[in-house]
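Note sheet for the following structure.
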Amino acid sequence: MAVPELNVAIFKPGAEIYIDEDKCVGCGRCVEVCPEDVYTLEKRPEEKDPDKEYKSVAIHPERCILCLSCLEICGKNAIYIYGQQ
Ligand code: SF4
Ligand code: SF4
Numbered sequence: 035m036a037v038p039e040l041n042v043a044i045f046k047p048g049a050e051i052y053i054d055e056d057k058c059v060g061c062g063r064c065v066e067v068c069p070e071d072v073y074t075l076e077k078r079p080e081e082k083d084p085d086k087e088y089k090s091v092a093i094h095p096e097r098c099i100l101c102l103s104c105l106e107i108c109g110k111n112a113i114y115i116y117g118q119q
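Count along the sequence shown starting at 1, add 34, and that's the number in the working numbering.
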């Protein structure tokens with residue numbers, strides 16, 4: 035009997051993650067959805083606009099498993115992720 039071929043995607047954990055600060059409104063959705071706690075919210079020290087009091091920061095990009103949930107949930111398209119080769 036033939037051995038079935040395994041179709042397994044293999045990737046290294048970790049990614050380069052960029053957040054467009056002009057687009058980010060600090061809603062925290064990416065923080066909540068990420069299963070690997072990659073993001074945190076930081077207060078913008080000099081920001082006067084109450085809608086932009088916080089911004090998301092990727093403090094642990096090395097933990098990223100490329101599930102892409104944050105990209106799907108960010109309503110501002112502020113997140114850019116480049117996976118490791
Ligand atoms: S989901 Fe998008 S807009 Fe909201 S905090 Fe994260 S990066 Fe910013
Ligand atoms: S792709 Fe998944 S694991 Fe990576 S930062 Fe986004 S939500 Fe977290």
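Positions of the beta carbon are idealized from the N, C-alpha and C atoms, including for glycine.
Please tell me whether, using a cut-off of 7 Å, the distance from the CB of S90 to the nearest non-hydrogen atom of ligand 1 is below it. As a working note, residue 90 is residue 56 in the sequence shown. S90 Cβ: within cutoff of ligand 1.
Proximity winner among L100, R78, A49, R63, relative to A112 (alpha-carbon distances): If you number the sequence shown from 1, residue 112 lands on position 78. Answer by Cα proximity: R63.
Since V72 and H94 should fall inside the 8 Å C-beta cutoff, what is the C-beta to C-beta distance between them, to a whole number of angstroms? Position 38 of the sequence shown, counted from the first residue, corresponds to residue 72. Position 60 of the sequence shown, counted from the first residue, corresponds to residue 94. Correct: roughly 5 Å between the Cβ atoms.
Assumed close pair C58, S103 - CB separation to whole angstroms, cut-off 8 Å: Counted from its first residue, the sequence shown places residue 58 at position 24. Counted from its first residue, the sequence shown places residue 103 at position 69. Incorrect: roughly 16 Å between the Cβ atoms, too far for contact.
Beta carbon nearer than 7 Å to a non-hydrogen atom of ligand 1: I53, K57, C58, V59, G60, C61, G62, R63, C64, V65, Y73, L75, K89, S90, C104, I107, C108, G109, K110, A112, I113
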